[in-house]
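**Student:** I am attaching a structure below and will ask some questions about it afterwards.
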Amino acid sequence: MSNSQFFYNVINILNILFLFLYLISMLIERTYIKRNLSRICKLSFDNESYFTKIDLGNYMVLSFLPIVIQIGFLREKIILKRKVVFPNPPILFSSINDEKMDTFFKKYKSWLYISNLKWIFGFSWFFIIGVINLYLK
Numbered sequence: 011m012s013n014s015q016f017f018y019n020v021i022n023i024l025n026i027l028f029l030f031l032y033l034i035s036m037l038i039e040r041t042y043i044k045r046n047l048s049r050i051c052k053l054s055f056d057n058e059s060y061f062t063k064i065d066l067g068n069y070m071v072l073s074f075l076p077i078v079i080q081i082g083f084l085r086e087k088i089i090l091k092r093k094v095v096f097p098n099p100p101i102l103f104s105s106i107n108d109e110k111m112d113t114f115f116k117k118y119k120s121w122l123y124i125s126n127l128k129w130i131f132g133f134s135w136f137f138i139i140g141v142i143n144l145y146l147k
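Per the numbering used here, residue 11 is the first one in the sequence shown, and the count goes up by one each step.
Structure representation (structure tokens):
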């Protein structure tokens, strides 16, 4: 087997692996959200029955919550060194304040880790697809 075939085979195996890991982490995150739906809705929207079930749209909205909170925390507290992280919260999650952000970091660490792994696997998968496309040209 030549070097080019070896590289191509390794990239294809990594592509399948990262896609599989992304789908598994997405499934784990979805079951976590489904199990804790009322508490997550209370945290996000101040209403426990905001979402009554998890369909694709509701999952997409709630799966972005950890990213929104982390980016807000990183931008306001670490980069800009402000005392208040969410003086003007995002429209979608308008009820999030600093107290809820602290609650999120304390009580929902497993969701935070699952979500971060999901995003890492997803971006890695897209990167591998990009490498394959560049290599094939």
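Backbone N, C-alpha and C fix where the C-beta goes; we use that ideal spot for every residue, glycine too.
Just so you know, these numbers come straight off a predicted model, no measurement behind them.
Using the Cα positions of Lys110 and Ile38, report the straight-line distance between them to the nearest angstrom.
**Tutor:** Within the sequence shown, numbered from 1, the residue matching residue 110 stands at position 100. Within the sequence shown, numbered from 1, the residue matching residue 38 stands at position 28. In a straight line, the C-alpha of Lys110 is about 23 Å away from that of Ile38.
**Student:** So, using beta-carbon positions, are Ile79 and Ile64 closer together than 9 Å?
**Tutor:** For the purposes of this step, residue 79 is taken as the residue at position 69 of the sequence shown. For the purposes of this step, residue 64 is taken as the residue at position 54 of the sequence shown. Cβ atoms of Ile79 and Ile64: not closer than 9 Å.
**Student:** When the Cα of Lys8 is compared with those of Pro76, Thr41, Phe16 and Leu31, which residue comes out closest?
**Tutor:** In the structure displayed, the chain extends from 11 to 147; residue 8 sits before or after that span and is not available.
**Student:** Please classify Glu109: does DSSP put it in a helix, a strand, or coil?
**Tutor:** On the sequence shown, position 99 is the one that residue 109 refers to. DSSP places Glu109 in helix when its eight states are reduced to three.
**Student:** Would you mind stating whether Leu31 and Leu127 have Cβ atoms separated by less than 9 Å?
**Tutor:** As a first step, residue 31 must be located in the sequence shown, where it is residue number 21. As a first step, residue 127 must be located in the sequence shown, where it is residue number 117. Yes, these two residues count as a Cβ contact at 9 Å.
**Student:** Thinking just about the alpha-carbon of each residue, which of Ile21, Asn107, Ile26 and Tyr18 is nearest to the one in Leu53?
**Tutor:** As a first step, residue 53 must be located in the sequence shown, where it is residue number 43. That would be Asn107, whose Cα lies nearest to the Cα of Leu53.
**Student:** Classify Ile64 as helix, strand or coil using the three-state DSSP reduction.
**Tutor:** Within the sequence shown, residue 64 is the residue found at index 54, counting from 1. In the structure shown, Ile64 sits in coil (DSSP, three-state: anything other than H, G, I, E or B).
**Student:** Buried or exposed: which applies to Leu47, given that a residue is buried once 16 or more other Cβ atoms fall within 10 Å of its Cβ?
**Tutor:** Start at 1 with the first residue of the sequence shown, and residue 47 comes out as number 37. By the 10 Å Cβ count, Leu47 comes out buried.
**Student:** Does the Cβ-Cβ distance between Tyr69 and Arg49 come in under 9 Å?
**Tutor:** For the purposes of this step, residue 69 is taken as the residue at position 59 of the sequence shown. For the purposes of this step, residue 49 is taken as the residue at position 39 of the sequence shown. Cβ atoms of Tyr69 and Arg49: not closer than 9 Å.
**Student:** Cα-Cα, which of Asn22, Leu33, Val141 and Val20 is closest to Gln131?
**Tutor:** Looking up residue 131 in the sequence shown gives position 121. Sequence inspection shows Phe at residue 131; the Gln mentioned does not correspond to that position. That would be Leu33, whose Cα lies nearest to the Cα of Phe131.
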